[in-house]
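Chains as they are written, first to last, in this note's numbering: chain A, 348 to 426; chain B, 42 to 184.
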Amino acid sequence: MKIRLLYFAVLASAAGCDAESVQTTCDNAAELYDELAVRHGFTLERSRLRVAVNGVFAPWEQCLREGDEVALLPPVSGG
Amino acid sequence: MSRFALSDGPIDGAALERLLRSPAAGAVVSFAGCVRDHNDGREVRALTYQTYVPLAVSEGNAILDEARQRFAVLDARCVHRVGDLVLGDCAVWVGASAAHRDVAFAACRWIIDEIKRRVPIWKNEHYADGESGWLHPDGMPRD
Numbered sequence: 348m349k350i351r352l353l354y355f356a357v358l359a360s361a362a363g364c365d366a367e368s369v370q371t372t373c374d375n376a377a378e379l380y381d382e383l384a385v386r387h388g389f390t391l392e393r394s395r396l397r398v399a400v401n402g403v404f405a406p407w408e409q410c411l412r413e414g415d416e417v418a419l420l421p422p423v424s425g426g
Numbered sequence: 042m043s044r045f046a047l048s049d050g051p052i053d054g055a056a057l058e059r060l061l062r063s064p065a066a067g068a069v070v071s072f073a074g075c076v077r078d079h080n081d082g083r084e085v086r087a088l089t090y091q092t093y094v095p096l097a098v099s100e101g102n103a104i105l106d107e108a109r110q111r112f113a114v115l116d117a118r119c120v121h122r123v124g125d126l127v128l129g130d131c132a133v134w135v136g137a138s139a140a141h142r143d144v145a146f147a148a149c150r151w152i153i154d155e156i157k158r159r160v161p162i163w164k165n166e167h168y169a170d171g172e173s174g175w176l177h178p179d180g181m182p183r184d
């Protein structure tokens, strides 16, 4: 299935882009992050990130569907 | 206008504070977080904030809704800057109004802490030596 990915902050720097579309067989965002971490050299442990699917915080184990937009959210530093 | 907003231009704290005034509001407390010239022993020249807009707006408004349930506030608002900021710029503004000051102070403090903890906004510091870096705090308390 095709998934739209959004990267922020250090993840965007590592990936070299803010967003990309990928074809994946991963069932959920946890598997997808682990796959992307290898490809892009992400060093942040998944336990330190949150994930949002289609603009809403989601559990890492949530099943992904064709066309989902998955935002990978590093530890925040607003304020 | 939603109570939480992102702004790519200067924040007018005085104008925001006026929105909180009402005949029942005996106390209006506001907090302005500003860009300072140092962090962790390094000289800072400027900041860039990046955000995930839809989630930042929904989470910011959720925090303000929770504040209105937790505290007897009359109103509460927050505006956070995004984009490029220079030293002294207001990066985030929080205001709360209540009948009395204890509630307004407590709500304002709680809101800024939750904003910093939960809203998907990231800070890139530009240092005097030409380097820059994204801050990804480990969850330990920071000032």
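Think of the CB as a built atom: it goes at the ideal place given N, C-alpha and C, for glycine as much as any other residue.
Check, Outcome
"Reduced DSSP secondary structure (H/G/I, E/B, other) of Glu-84/B", "strand"
"Cβ of Val-160/B within 7 Å of any chain A Cβ", "yes"
"Residue-level contact to chain B via CB, Phe-389/A, 7 Å cutoff", "no"
"Identified DSSP bridge partners for Arg-397/A", "Leu-420/A"
"Residues near Arg-397/A by beta carbon distance below 8 Å, same chain, minus five either side", "Phe-404 and Leu-420"
"DSSP bridge partner residues for Gln-370/A (one or two, in chain order)", "Lys-349/A"
"DSSP beta-bridge partners of Arg-122/B", "Ser-48/B"
"Cys-75/B burial status per 10 Å Cβ neighbour count (16 or more: buried)", "exposed"
"Cys-131/B - containing beta strand (DSSP E), residue span", "131 to 139"
"DSSP-derived helix/strand/coil call for Cys-75/B", "strand"
"Extent of the continuous beta strand (DSSP E) to which Trp-407/A belongs", "Where Trp-407/A is concerned, there is no enclosing beta strand (DSSP E), given that its DSSP letter is neither H nor E."
"Glu-100/B classed as buried or exposed, judged by whether at least 16 other C-beta atoms fall within 10 angstroms", "buried"
"For Glu-155/B, the first and last residue of its enclosing alpha helix (DSSP H)", "142 to 159"
"CA nearest to the CA of Gly-50/B, picked from Arg-44/B, Ser-43/B, Val-120/B and Gly-67/B", "Val-120/B"
"Coarse secondary structure for Ala-376/A, derived from DSSP in three states", "helix"
"Short CB-CB distance (under 7 Å) between Pro-422/A and chain B", "yes"
"Test: Ala-362/A CB closer than 7 Å to a CB of chain E", "The question asks about chain E, but that chain is absent: this structure's protein chains are A and B."
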